[in-house]
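Note sheet for the following structure.
Numbering (my numbering), first residue to last: 20 to 318.
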């Protein structure tokens, strides 16, 4: 894998594993890449043993009294934020543009640290061992193939080079991109590139997966494919999907969380949330406006 990198890059990406792979019977083609036949052989042998997590998500992430402000910013974005994720199935995080949804997800993923308060995982684990994040913008890594980009995410998470490749193939099969393994990411459509991002979030096998505006900019057909994938994968992962689009709220989600003006304005079941908009032809939109207190004139 990644055979055309400079020597320093090859060492950094774990090429010391190559000889071990070959000694274990993992043949490579002349370019240094595993052949499709040997990819499949490796994948099938380990798929259910190594990639599929337990059917029930038992880990939870807890935010207790969390405050957050950006450096050199006097005002706080969040004050006394309390939230539990991971125990209620698919969740939609809804909020206006600029409400702080991306910041909240990055806090949960361990990319930011709270100014005050606690972000904890059952058993005192590092949140990054339980939570993965798919950012809104999926950026292709120059020169990498699709499988290499996903494998690199696994390698960054501590996997060996050979194990990273196996997990990448399995993750790409899970998001129905097994036929694009050797393509460059810039050869993919916008919807396919989002699925590469989802594979990168899945490859570490964390039980809680955070998705930041994953369907923004996708056409209806691409949205349909992506949402079906989340439904299929929801049996083994707990997904939290952020969006500002109320049309994304439907029965595929068990729970709705609304972030507004630095606090949780609503946290409850989807059915209860939609009751706030009962009688409207756009129930989710009406419910959201009711919860955040937008006036009739503004509507």
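Built from N, CA and C at the ideal position, the CB exists for glycine as well.
All figures in this text were calculated on a predicted structure; none of them were measured in a lab.
Any idea what DSSP makes of residue 241, helix, strand or coil? Against the chain shown, residue 241 aligns to sequence position 222. In this structure, residue 241 counts as helix in the three-state DSSP scheme.
Three-state class that DSSP yields for residue 247 in the structure shown: The residue you call residue 247 lines up with position 228 of the chain shown. Residue 247 falls in the helix class under three-state DSSP.
Tell me the DSSP secondary structure of residue 278 in three-state form. Translated into positions along the chain shown, residue 278 becomes position 259. Correct three-state label for residue 278: strand.
Rounded to the nearest angstrom, how far is the Cβ of residue 233 from that of residue 153, given a contact under 8 angstroms? In the chain shown, residue 233 corresponds to position 214, counting from 1. In the chain shown, residue 153 corresponds to position 134, counting from 1. Yes, they are in contact, since the Cβ atoms of residue 233 and residue 153 sit about 6 angstroms apart, within 8 angstroms.
So residue 124 and residue 229 are in contact, right, with Cβ under 8 angstroms, and what is the actual spacing, rounded? Position 105 of the chain shown, counted from the first residue, corresponds to residue 124. Position 210 of the chain shown, counted from the first residue, corresponds to residue 229. Contact between residue 124 and residue 229 holds, since their C-beta atoms are separated by about 5 angstroms, short of 8 angstroms.
Cross-strand partners of residue 138 (DSSP beta bridge): As a first step, residue 138 is located in the chain shown; it is residue number 119 there, counting from the start. Residue 138 pairs with 82.
Could you say which of 198, 116, 85 lies nearest to residue 139 if we only look at CA atoms? For the purposes of this step, residue 139 is identified with residue 120 of the chain shown, where counting begins at 1. The residue among 198, 116, 85 with its C-alpha nearest the C-alpha of residue 139 is 85.
Secondary structure of residue 121, DSSP reduced to three states: Looking up residue 121 in the chain shown gives position 102. Collapsing the DSSP output to three states places residue 121 in a helix.
Are residue 83 and residue 129 close, meaning C-beta to C-beta below 8 angstroms? Stepping through the chain shown from its first residue, residue 83 is reached at position 64. Stepping through the chain shown from its first residue, residue 129 is reached at position 110. No.
Extent of the continuous beta strand (DSSP E) to which residue 261 belongs: As a working note, residue 261 is residue 242 in the chain shown. Taken as a continuous stretch (DSSP letters only), the beta strand (DSSP E) holding residue 261 covers 257-262.
Residue range of the alpha helix (DSSP H) that includes residue 217: On the chain shown, residue 217 is found 198 positions in, with the first residue counted as 1. Unbroken alpha helix (DSSP H) run through residue 217: 209-221.
Residue 143 (DSSP reduced to helix, strand or coil): Here the question's residue 143 lines up with position 124 in the chain shown. Reduced to three states, the DSSP call for residue 143 is helix.
Bridge-paired residues (DSSP) for residue 287: Here the question's residue 287 lines up with position 268 in the chain shown. Beta-bridge annotation (DSSP): residue 287 is paired with 275.
The beta strand (DSSP E) that contains residue 231, what's its start and end? Translated into the one-based positions of the chain shown, residue 231 becomes position 212. Element bounds for residue 231: 227-231.
Out of 196, 309, 302, 104, which has the shortest C-alpha to C-alpha gap to residue 290? Here residue 290 refers to the residue found at position 271 of the chain shown. With distances taken between Cα atoms, residue 290 lies closest to 302.
Using 10 angstroms around the beta-carbon of residue 254, count the other beta-carbons present and answer buried if the total reaches 16, otherwise exposed. Working through the chain shown from its first residue, we reach residue 254 at position 235. Exposed is the call here.
From what residue to what residue does the beta strand (DSSP E) around residue 188 run? As a first step, residue 188 is located in the chain shown; it is residue number 169 there, counting from the start. Going by DSSP, residue 188 is part of no beta strand (DSSP E) but of the alpha helix (DSSP H) stretching over 180-193.
Skipping 5 residues on each side, what residues in its chain have a beta carbon closer than 8 angstroms to that of residue 286? Taking the chain shown and counting its residues from 1, one reaches residue 286 at position 267. Result list for residue 286: 102, 274, 275, 276, 277, in chain order.
Under 6 angstroms Cβ to Cβ from residue 250, same chain only, skipping five residues before and after it: list those, please. As a first step, residue 250 must be located in the chain shown, where it is residue number 231. 271, listed in sequence order.
Beta-ladder partner(s) of residue 103, from DSSP: One-based indexing of the chain shown puts residue 103 at position 84. Answer is 81, bridged to residue 103.
With a 10 Å radius around its C-beta and 16 neighbouring C-beta atoms as the bar for buried, classify residue 267 as buried or exposed. Within the chain shown, numbered from 1, the residue matching residue 267 stands at position 248. With 16 or more other Cβ atoms within 10 Å, it is buried.
In terms of residue numbering, what span does the beta strand (DSSP E) encompassing residue 113 cover? Working through the chain shown from its first residue, we reach residue 113 at position 94. Unbroken beta strand (DSSP E) run through residue 113: 110-113.
Spatial distance of residue 180 from residue 122 (CA atoms): Your numbering for residue 180 matches position 161 in the chain shown. Your numbering for residue 122 matches position 103 in the chain shown. Counting only the Cα atoms, residue 122 lies some 31 angstroms from residue 180.
Residue 206 burial status per 10 Å Cβ neighbour count (16 or more: buried): Translated into the one-based positions of the chain shown, residue 206 becomes position 187. Here residue 206 is exposed, its C-beta having fewer than 16 other C-beta atoms within 10 Å.
Let me make sure I understand the geometry here. Which of 203, 133, 114 has the alpha-carbon closest to that of residue 98? For the purposes of this step, residue 98 is identified with residue 79 of the chain shown, where counting begins at 1. It is 133.
Just how far apart, CA to CA, sit residue 177 and residue 243? Position 158 of the chain shown, counted from the start, is the residue given in the question as residue 177. Position 224 of the chain shown, counted from the start, is the residue given in the question as residue 243. One C-alpha to the other measures close to 33 angstroms.
Close-in-space but distant-in-sequence residues of the same chain around residue 169 (CB under 7 angstroms, 5 per side omitted): Here residue 169 refers to the residue found at position 150 when the chain shown is read from its first residue. Its chain contains 187, 190, 191, 215, 218, 219, 222 as the residues whose beta carbon lies nearer than 7 angstroms to that of residue 169, once the 5 sequence neighbours on both sides are disregarded; these appear in chain order.
If you count every other CB in all the chains shown that lies within 10 Å of the CB of residue 172, and 16 or more means buried, which is it? For the purposes of this step, residue 172 is taken as the residue at position 153 of the chain shown. Its Cβ being crowded by 16 or more others within 10 Å, residue 172 is buried.
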